[in-house]
Each structure stands twice: as structure tokens, then as C-alpha cells.
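In our numbering, the protein residues as written are 8 to 226.
Working notes, structure below.
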């Protein structure tokens, strides 16, 4: 059993490795070498090893015998399956969260989203994928945690990880639309309108799915 210090270091390593994956610095199909990874992260090998085991447990890494752990290559079928399950779960979680979110918990996220939308609308600067990814991660995470069901929150985070590691180049750019859909979710949550929050979340996920289907039809 890991001591508290070991747990903290393992979680730090987990977040760093996960960021390498989600940022695209480490690509699906890449083999992760524990020693080189520890050197890159400037950490000892033990917490890195623990982090890799955690990511393997979440299904993000796949063991390839003696070759080590490989970042999972998500097929479009895997992505759509995970997205479908999210569409079943997350609207109901948003409904639950509407009753339990702390006052003002989403204010900073709402302000950031409004700035991004305004910036894009006025032509000041384009919205960057990493900006939206950061807000997206915070919003969906806060909603999942606010529902008050740890197992449900863990399931949603795992499903989100699986959709997040899908090859981003194969997904349509809909960054401004995503920001507007997130603002609609936040508006319903801040007003404690559970049904509207569920509907806004479902609309958001349905539009993500529709955009991917449209991309596949064109390709």
C-alpha cells in the first residue's frame, strides 16, 4: 500500500504523463519507456511506474509484452461507443449537479468562455484547442464531482479520457460552438434548472456526435 508521500508523487506523475498524452506530445501508438519518461519529467522511476499502472488500469495504456506500455490507439468505433455512454450518463449527472453545485463555482469558467467567444467573434484571435480543452476538463469534472456519486464521477472521467485520446486530427474543429454550448450548460446550472442543464448537456454531446458523423461521411 502506497504511503501518502508516494501517493502524492504518483498522482503528480500521473497528471504529467496524462498531460503529455492529451496535449498530443505523446501520440496514440507511442511506447512509453519508464526510464526515459522519468528523466523527461525529472522524477524518480517509482512514481512514474505507479502512474503508468494507473493509466493502464484506466485503459489509456495497453501492455505490449516485453515492449512495455503503449498509448491506446482508439478506433472510431471505440470513440463513438464511449461517447454514447457519456450521452446516457452526463445529462443526468448535470441534472443532479444543478441542485448541489456551490454558488459561484462556475463563475470563473463562464468568464473565460465569454472571453473566448468574444475574442473569436470580434476577430481578435482564434480560439486555440488547448484553451477549450482546459475549460472543458474543468467544467465536466466539476459537474461530475458535484453530483455527489464518486463511482459515477470516476466512470465519467474514465470515459472522457478515452474520448480525449482519440486522434484529434480526425475530429472536426468546433471550438467556438463548444464554448457556446458550455455557456448554455453553465447558465442552466447557475439557475438551478436541472432539466435544462440535462437538456443542454445532451444537446452538446449530440452535436459532438453529429459533427463526427458528418466528417466521416465526407471522408
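All residues carry an ideal CB built from backbone N, CA and C; glycine is no exception.
Check whether residue i and residue j have beta carbons under 8 angstroms apart
i, j, result
"residue 25", "residue 48", "no"
"residue 74", "residue 38", "yes"
"residue 205", "residue 101", "yes"
"residue 97", "residue 165", "no"
"residue 212", "residue 136", "no"
"residue 183", "residue 124", "yes"
"residue 43", "residue 105", "no"
"residue 218", "residue 167", "no"
"residue 65", "residue 52", "no"
"residue 161", "residue 154", "no"
"residue 139", "residue 210", "no"
Residues near residue i by beta carbon distance below 6 angstroms, same chain, minus five either side
i, result
"residue 117", "193"
"residue 95", "none"
"residue 23", "48"
"residue 203", "195"
"residue 152", "160"
"residue 12", "none"
"residue 158", "none"
"residue 50", "20"
Supposed contact pair residue j and residue i - C-beta distance, whole angstroms, cut 8 angstroms
i, j, result
"residue 81", "residue 169", "7 angstroms"
"residue 108", "residue 196", "6 angstroms"
"residue 90", "residue 216", "6 angstroms"
"residue 68", "residue 77", "7 angstroms"
"residue 121", "residue 190", "7 angstroms"
"residue 172", "residue 29", "7 angstroms"
Contacts around residue i, its chain only, beta-carbon distance under 7 angstroms, and the 5 residues preceding and following it disregarded
i, result
"residue 8", "Annotation note: pLDDT 48 at residue 8 (below 50); position unreliable, coordinate value reported separately. Answer for residue 8: no residue qualifies."
"residue 35", "78, 79, 80, 81, 172, 174"
"residue 119", "142"
Those residues which DSSP pairs with residue i across a bridge
i, result
"residue 78", "68"
"residue 39", "76"
Neighbourhood of residue i by C-beta, 8 angstroms cutoff - its chain only, sequence neighbours within 5 removed
i, result
"residue 146", "113, 116, 189, 192, 193"
"residue 99", "205"
"residue 214", "181, 184, 188"
Exercise. Any contact of the segment 16-24 with the segment 54-71, i.e. 3+ C-beta pairs under 8 angstroms?
Worked result: Yes: the two stretches touch, three or more of their Cβ pairs being nearer than 8 angstroms.
Exercise. Would you call the segment 209-224 and the segment 119-134 in contact, with 3 or more CB pairs under 8 angstroms?
Worked result: Segments in contact, no.
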